[in-house]
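Protein chains in written order, with our numbering: chain A, 1 to 266; chain B, 1001 to 1287. Heads up, the thing below is written out as structure tokens.
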Amino acid sequence: MRIHKWLVPTLYIVFLMLPIYWLLNMSFKNTNEILGTFSLWPLDFTLANYRKIFTDPTWYNGYLNSITYVVMNTVISVSVALPAAYAFSRYRFLGDKHLFFWLLTNRMAPPAVFALPFFQLYSAIGLFDTHVAVALAHCLFNIPLAVWILEGFMSGVPKELDETAYLDGYSFWRFFVKIFIPTIAAGIGVAAFFCFMYSWVELLLAKTLTSVAAKPIAATMTRTASTAGYELGLLAAAGTLTIVPGAFVIYFVRNYIAKGFALGRV
Amino acid sequence: MTKTTNQKAWYFVVPVVGLVAFNALIPLMTVVNYSVQETFGDNVFFWEGVKWFEEVLKSERFHASFLRQLAFTGMILAIEVPLGIGVALSMPRKGPWVSVCLVLMALPLLIPWNVVGAMWNIFALPDIGLLGRGINALGIDYNFTQQPVAAWMTTVLMDVWHWTSLVVLLAYAGLCSIPDAYYQAAKIDGASAWSVFRRIQLPKLKRVLTIAILLRFMDSFMIYTEPFVLTGGGPGNTTTFLSIDLVKIALGQFDLGPAAAMSLIYFLAVLLVCWIFYTLMMRNEEQ
């Protein structure tokens, strides 16, 4: 029975790791070896693909662009979602339930629906091909998500905390910054993690809103794949490097991740 | 928690409403605008009424991709939900392996979607991919770039690989919230593993599973990048899901009117299902 219990997660993790291993394996091969021979590990181990990415500005700028707009989006989303989530968790006000559902509906809007209008909107206000454009566009689905997660965490904090603070003579903002935010720090971490995740993995809008100056790494990859023939090794190396920031972020939030995926309200 | 009525709370919500409305309402109105007009270029538009909506609702192409989308979403939900619960049930609750499991399992969720597609492409190609080679070595003829069934199966498998972890993590969070006392009571009563699952674990999982199904429904209904990179919607139209079809019409053929009408029908369909889910979820919460 005990062995049996270990078996399921182990097999599942092996299943998850196989494609990732294959990508890693490809990234250490040159194109000839990939297309010419089939081997479970690189026979002619090479770092040339990674060297190219770290020395060619069109490649490494892609990473910098992606990280720039992802961080901008995370900061914007979480900081505007904080007061809103507080309002939803503590007060009843005109149209609160409808507003909450309306926010969530934007999480449901297929990006394919919005691609073209977004392009026209951001061109019209002169933000096309900037990091700000992508960061703002990703707010469409990240703000609702951040509000939802933070509201869940805040509802778990008893209201007596607020009342005691006011009795002690705290003003609202002093209470909010000095006491409330530290109390829900885990929730903020989880919300930031989710915003980071969805902004990092999204490609359709990011690609539509940029051309050269703010081109994300994902778009660099697709364009290279179509123009420079089939440089599989390079593509694999670039793909492997996109996994790194995600892995880094997961490591930091590993203790909150289970609770965060339940949006704080199990 | 009892909430106090305070209309000033609106001030806290204004920045969020402003930002989201800017991103949601202006593009949505653009889509609505296109959906009732005809254009021959040069920014000249003619009023067309509901012509495009009728055309889309009657077109076989739309029916076909809508059905494909429904079949795909149904299939991945039917696989991912039970599989996710199963994995979560057999995960360790304590000890150093918990973090290792969680980190490794969450990894696919943070890979950019086009990389997921590209990764599965080189993993499943029959000549250079591990999966493709492996299946062919078993004596089964497999080539997802040419066989519709293989393409479909590969796309489903890719989605299972990509998203089952979300269900696992949610279900695991739900399971961790069950107090030990429940299990001890069940043990004293001599309850079987099945009745522990049926009477204790499943009711506790109801809430998180609703969230999981809701998120998986929304995201799989919008799926675009992964199948586009993996199969390009082919062979033929076998894996052309709604979003792929929409982008083909809107940006490929530049048929703005029909594309906009299709967008709205598509959005409304997602909205309707989510509204039903949300209402049921909120009703459960109030009880």
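Glycine included, C-beta positions come from ideal geometry on N, C-alpha and C.
Local conformation of residue i per DSSP, three classes
i: residue 110/A; result: coil
i: residue 92/A; result: strand
i: residue 1279/B; result: helix
i: residue 1005/B; result: strand
i: residue 1238/B; result: coil
i: residue 1014/B; result: helix
i: residue 1220/B; result: helix
i: residue 1228/B; result: helix
i: residue 227/A; result: Here residue 227/A scores only 46 on pLDDT, less than 50, and its place in the model is too uncertain to base an answer on.
i: residue 17/A; result: helix
i: residue 214/A; result: coil
i: residue 1069/B; result: helix
i: residue 1157/B; result: helix
i: residue 245/A; result: helix
i: residue 1245/B; result: helix
i: residue 1254/B; result: coil
i: residue 126/A; result: coil
i: residue 239/A; result: helix
i: residue 1266/B; result: helix
is_contact[residue i, chain A] using C-beta, thresh 8 Å
i: residue 1136/B; result: no
i: residue 1133/B; result: yes
i: residue 1281/B; result: no
i: residue 1006/B; result: yes
i: residue 1143/B; result: no
i: residue 1129/B; result: yes
i: residue 1114/B; result: yes
i: residue 1110/B; result: yes
i: residue 1222/B; result: yes
i: residue 1263/B; result: yes
Sub-8 Å separation of residue i and residue j beta-carbons
i: residue 215/A; j: residue 95/A; result: no
i: residue 1128/B; j: residue 13/A; result: no
i: residue 209/A; j: residue 141/A; result: no
i: residue 1032/B; j: residue 1264/B; result: yes
i: residue 1316/B; j: residue 1274/B; result: Chain B is shown only over 1001 to 1287; residue 1316/B falls outside these bounds and no answer can be derived.
i: residue 233/A; j: residue 29/A; result: yes
i: residue 1080/B; j: residue 1167/B; result: yes
i: residue 1159/B; j: residue 1243/B; result: no
i: residue 1154/B; j: residue 1124/B; result: yes
i: residue 1218/B; j: residue 1270/B; result: yes
i: residue 200/A; j: residue 1112/B; result: yes
i: residue 67/A; j: residue 241/A; result: no
i: residue 23/A; j: residue 239/A; result: yes
i: residue 189/A; j: residue 147/A; result: no
Endpoints, alpha helix (DSSP H) assigned at residue i
i: residue 1039/B; result: First-last for residue 1039/B: 1037-1039, but that is the beta strand (DSSP E), not the alpha helix (DSSP H).
i: residue 164/A; result: 160-167
i: residue 1055/B; result: 1051-1058
i: residue 1132/B; result: 1130-1137
i: residue 36/A; result: 31-36
i: residue 199/A; result: 185-201
i: residue 153/A; result: 131-155
i: residue 1121/B; result: 1113-1124
i: residue 47/A; result: Premise fails: residue 47/A is in no alpha helix (DSSP H) and is neither H nor E.
i: residue 1183/B; result: 1180-1188
i: residue 208/A; result: 204-208
i: residue 1195/B; result: 1193-1196
i: residue 972/B; result: There is no way to answer for residue 972/B, as the model of chain B reaches only from 1001 to 1287.
i: residue 175/A; result: 172-175
i: residue 1099/B; result: 1097-1106
For residue i, the first and last residue of its enclosing beta strand (DSSP E)
i: residue 1047/B; result: 1045-1047
heavy atom of the ligand PLP below 7 Å from residue i C-beta
i: residue 1180/B; result: Ligands are entirely absent from the displayed structure, and the ligand PLP is therefore not among its contents.
Below-8 Å beta-carbon distance, residue i vs any chain B residue
i: residue 5/A; result: yes
i: residue 113/A; result: yes
i: residue 191/A; result: no
i: residue 195/A; result: no
i: residue 105/A; result: yes
i: residue 227/A; result: Residue confidence for residue 227/A is low, a pLDDT of 46 falling below 50, so the modelled location carries little weight and cannot support an answer.
i: residue 8/A; result: yes
i: residue 132/A; result: no
i: residue 249/A; result: yes
i: residue 242/A; result: yes
Neighbour list for residue i in chain E, Cβ cutoff strictly below 8 Å
i: residue 220/A; result: No chain E appears in the structure shown, which is made up of the protein chains A and B.
Q) For the segment 148-174 of chain A, which residues have a CB atom closer than 7 Å to at least one CB atom of chain B, in sequence order? A) Answer set for the segment 148-174 of chain A: 155 and 159.
Q: Mind checking the segment 24-47 of chain A against chain B and listing, in chain order, the residues whose C-beta falls within less than 8 Å of any C-beta there?
A: Answer in chain order: 26, 34, 35, 38 and 40.
Q. Closer than 8 Å, Cβ to any Cβ of chain A: which residues of the segment 1012-1039 of chain B, in chain order?
A. Considering only beta carbons, the part of the segment 1012-1039 of chain B lying closer than 8 Å to chain A consists of 1012, 1013, 1015, 1016, 1017, 1019, 1020, 1022, 1023, 1024, 1026, 1027, 1028, 1030 and 1031, in chain order.
Q.
At a CB distance below 7 Å, what residues from the segment 58-87 of chain A approach chain B? Give them in sequence order.
A. Result list: 80, 81, 83, 84, 86 and 87.
(Q) Closer than 7 Å between beta carbons: that is the criterion. Which residues of the segment 1083-1107 of chain B meet it against chain A? (A) Against chain A - using a Cβ distance shorter than 7 Å - the residues of the segment 1083-1107 of chain B are 1086, 1087, 1090, 1091, 1099, 1101, 1102, 1103, 1104, 1105, 1106 and 1107.
(Q) Against chain A, which members of the segment 1179-1193 of chain B pass a CB distance test of less than 9 Å? (A) Close to chain A, meaning a Cβ-Cβ distance shorter than 9 Å, is no residue of the segment 1179-1193 of chain B at all.
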